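So the protein lines, in turn, are chains Y and F.
Reminder that position 175 of the first sequence reads as 175 in UniProt numbering, one-by-one numbering, no gaps.
Reminder that position 153 of the second sequence reads as 153 in UniProt numbering, one-by-one numbering, no gaps.
For each residue, glycine too, the CB sits at the ideal point set by N, CA and C.
This structure is a prediction, so every number in the text was calculated from the model and none was measured.
Report on the structure given below.
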Amino acid sequence: MSLLEVNGLTKSYQPGNPILKDVSFSVEAGEFIAVIGPSGAGKSTMLRCLNRMVDIGEGQVLFDGRDVGAQNKKGLRDVRKNIGMVFQHYNLVPRLTVIENVLHGRFGYKSTLQGVLGRFTEEEKRKAFDLLGKLGIAEHAYKRCDQLSGGQQQRVGICRALIQDPKIILCDEPIASLDPNSSRIIMDHLKTISIEFGITCIVNLHQVDVAKDYANRIIGLRKGEVVFDGPSPLLSQRFTDEIYGMKTAVEMRELITV
Amino acid sequence: MNETVLKKRKFHMTLLFLGAILLTWLSAWVTDYGFASSLEAVPGAMMWMASNLLVDGEALVKLPDIMGKLLETVFMSIAATTIAAALSLFLAIMGSKTTMVNRPIGAVSRFVASLSRNIPVVAWSLILLLSFGQNSVTGFLALFVGTVGFLTRAFIETIDEAALGSVEALRSTGATYWQIVTKAVVPQGLPQMVSWVLFMIETNIRSATLVGILTGTGIGYMFDMYYKTMNYGVVALITITIVLTVIVIELLSTRIRKVIL
Numbered sequence: 001m002s003l004l005e006v007n008g009l010t011k012s013y014q015p016g017n018p019i020l021k022d023v024s025f026s027v028e029a030g031e032f033i034a035v036i037g038p039s040g041a042g043k044s045t046m047l048r049c050l051n052r053m054v055d056i057g058e059g060q061v062l063f064d065g066r067d068v069g070a071q072n073k074k075g076l077r078d079v080r081k082n083i084g085m086v087f088q089h090y091n092l093v094p095r096l097t098v099i100e101n102v103l104h105g106r107f108g109y110k111s112t113l114q115g116v117l118g119r120f121t122e123e124e125k126r127k128a129f130d131l132l133g134k135l136g137i138a139e140h141a142y143k144r145c146d147q148l149s150g151g152q153q154q155r156v157g158i159c160r161a162l163i164q165d166p167k168i169i170l171c172d173e174p175i176a177s178l179d180p181n182s183s184r185i186i187m188d189h190l191k192t193i194s195i196e197f198g199i200t201c202i203v204n205l206h207q208v209d210v211a212k213d214y215a216n217r218i219i220g221l222r223k224g225e226v227v228f229d230g231p232s233p234l235l236s237q238r239f240t241d242e243i244y245g246m247k248t249a250v251e252m253r254e255l256i257t258v
Numbered sequence: 001m002n003e004t005v006l007k008k009r010k011f012h013m014t015l016l017f018l019g020a021i022l023l024t025w026l027s028a029w030v031t032d033y034g035f036a037s038s039l040e041a042v043p044g045a046m047m048w049m050a051s052n053l054l055v056d057g058e059a060l061v062k063l064p065d066i067m068g069k070l071l072e073t074v075f076m077s078i079a080a081t082t083i084a085a086a087l088s089l090f091l092a093i094m095g096s097k098t099t100m101v102n103r104p105i106g107a108v109s110r111f112v113a114s115l116s117r118n119i120p121v122v123a124w125s126l127i128l129l130l131s132f133g134q135n136s137v138t139g140f141l142a143l144f145v146g147t148v149g150f151l152t153r154a155f156i157e158t159i160d161e162a163a164l165g166s167v168e169a170l171r172s173t174g175a176t177y178w179q180i181v182t183k184a185v186v187p188q189g190l191p192q193m194v195s196w197v198l199f200m201i202e203t204n205i206r207s208a209t210l211v212g213i214l215t216g217t218g219i220g221y222m223f224d225m226y227y228k229t230m231n232y233g234v235v236a237l238i239t240i241t242i243v244l245t246v247i248v249i250e251l252l253s254t255r256i257r258k259v260i261l
């Protein structure tokens, strides 16, 4: 059985103006998938439907055999703690320290009271430091997040996702606010994670080159529809043109090259 | 931008300016307010203040009394503000778009805040005076109610601008509502909120005087009493102590703000 299965997902914020149209695909454990498409194609919405950060409209999302849309509050919490998420703007609590932000990833495993009192086990703290070391930011553990550069903050974000022990990590434009060098570091880390820990990654990107370099498989979205789904080497010029719209293909490629 | 547009702008500005002058003149005419006569009255008023508002030895005898009442007023303001802050935090969490539990509760808490904010403190003290009588609870409540309204509004804005991204992130980790509120919303907004509370303490010490006059409590009552018995020396002394207290509190809170922000 696949780790994640999406069947006929249709979602609209306003009636009659669907942002996702009948999206279906399935994801096996360990895959590294890039979702590409122009702005407004529905990439972010699709990603957020997978852990129900936005309500699923029509269709079905099955994660690990559980219907995400049908979960009650407790079930949804259980689903979410197995799904890590990384954001374009990092979404850390800027005034808290790096280590505190990383430990936030454990809340899914704690009772409300344990979380509110901030009671973390030695094991969890050790793991947090291990992860920071792995991503090369251990020396910043006690710094406030707002003192870190964008690339460093994104690595904190990745640590927060990893400490959840997730089966899958969803990344929403993780490198869109970063310079080329930091972008490369972040993508390298994501790739390492997927290989070393065997965690499935779904990464929203708008750089086709980056997608082809890192992903095993690419899903191309255009106006809410899947127009390409296959191994990344098969993403030909023709498909890229189709995803981004024929006319602008040449200039788009210039813009999106990292 | 070409020349005609610029000229048009200039013309509009001139028109606006002339309009303002006309409006001022009109309102003065309607209310029978004379610029010249009011200016003439200034020296006289100054003279009166200089000759009557003098702190003499007789007034200084009252200083311990005044300090006692003043301290009472300051503590009442601080207590009213901090207790109001606790309630406001709760109302703001319920009322903020980012953290509200559901729409009806959000609307109710925003309505409560708006109601208590839009009735002026003076009106509150008179209303409460009728229901609670003349005692310090009335003064306390009047300050409390006004503060809740203002602080809730300020806290809602603080929460909305501080916490959007991290709330989303924590939701995605499976964190519960109160985990998100206590570990993302409150830590991020706290300095801003403390700053608002300090501001409100300053404001409340100032309004406490007025509320005191109306409800017969604290330093305001003392001011009113000596004013009505025409003991202007003491009135002057009270005014000076109030001004000094407010300045001290302002300096203190500026210091605290520097440390926490």
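With fewer than three CB-CB distances shorter than 8 Å, the stretch 139-149 of chain Y does not count as touching the stretch 51-64 of chain Y. By DSSP's assignment, residue 97 of chain Y forms a beta bridge with Y:144. In the assembly as shown, residue 111 of chain F is an exposed residue. Its beta-carbon has fewer than 16 other beta-carbons within 10 Å. Scanning its chain for C-beta atoms nearer than 8 Å, with the 5 sequence neighbours on each side dropped, one finds around residue 232 of chain Y the residues 34, 211, 212, 215, 216, 217 and 218, in chain order. Excluding five sequence positions before and after residue 2 of chain Y, the CB atoms of its chain that fall closer than 7 Å to its own CB belong to 26, 27 and 28, given in chain order. Contact of residue 135 of chain Y with chain F is not assigned, every C-beta pair being separated by 8 Å or more.
Taking 8 Å as the upper bound on Cβ-Cβ separation, chain F lies near residues 83, 84, 85, 87, 89, 90, 91, 92, 93, 94, 95 and 96 of the stretch 82-96 of chain Y. Taking C-beta atoms as the reference points, residue 128 of chain Y and residue 86 of chain Y fail to come closer than 8 Å. At a cut-off of 8 Å, the C-beta of residue 178 of chain F has a neighbouring C-beta in chain Y. Residues of the same chain with a CB within less than 7 Å of the CB of residue 79 of chain Y, apart from the 5 flanking positions on each side, are 51, 63, 66, 68 and 71 in chain order. Not a single CB atom of chain Y sits nearer than 8 Å to the CB of residue 40 of chain F.
The Cβ atoms of residue 166 of chain Y and residue 83 of chain Y lie closer than 8 Å to each other. With respect to residue 184 of chain F, residue 170 of chain F sits close: the two C-beta atoms are nearer than 8 Å. Ranked by how close their Cα comes to the Cα of residue 177 of chain Y, the residues Y:201, Y:149 and Y:121 have Y:149 in first place. Contacts between residue 117 of chain F and chain Y, judged by CB atoms closer than 8 Å, are missing: the closest CB pair is about 28 Å apart. The CB of residue 116 of chain Y comes closer than 7 Å to the CB of 178, 179 and 182 in chain F, given here in chain order. Close to chain F, meaning a Cβ-Cβ distance shorter than 8 Å, are the following residues of the stretch 43-60 of chain Y: 51 and 53. Taking one beta carbon from each stretch, the stretch 115-122 of chain Y and the stretch 180-195 of chain Y have fewer than 3 pairs nearer than 8 Å; the two do not touch. Between the C-alpha atoms of residue 168 of chain Y and residue 207 of chain F there is a straight-line separation of about 57 Å. Taking one beta carbon from each stretch, the stretch 231-243 of chain F and the stretch 56-75 of chain F have 3 or more pairs nearer than 8 Å; the two touch. For the 8 Å CB-CB criterion, residue 219 of chain F and residue 26 of chain F do not form a contact. Within its own chain, no residue has a Cβ closer than 6 Å to the Cβ of residue 16 of chain Y once the five positions on either side in sequence are excluded.
Exclusion of the five residues before and after residue 247 of chain F leaves no residue of its chain whose Cβ lies closer than 6 Å to its Cβ. At least 8 Å separates the beta-carbon of residue 220 of chain Y from that of residue 19 of chain Y. Taken in chain order, the complete alpha helix (DSSP H) segments of 4 or more residues contained in the stretch 32-71 of chain Y are 43-50. Note on geometry: alpha-carbon atoms of residue 123 of chain Y and residue 201 of chain F lie some 44 Å from one another.
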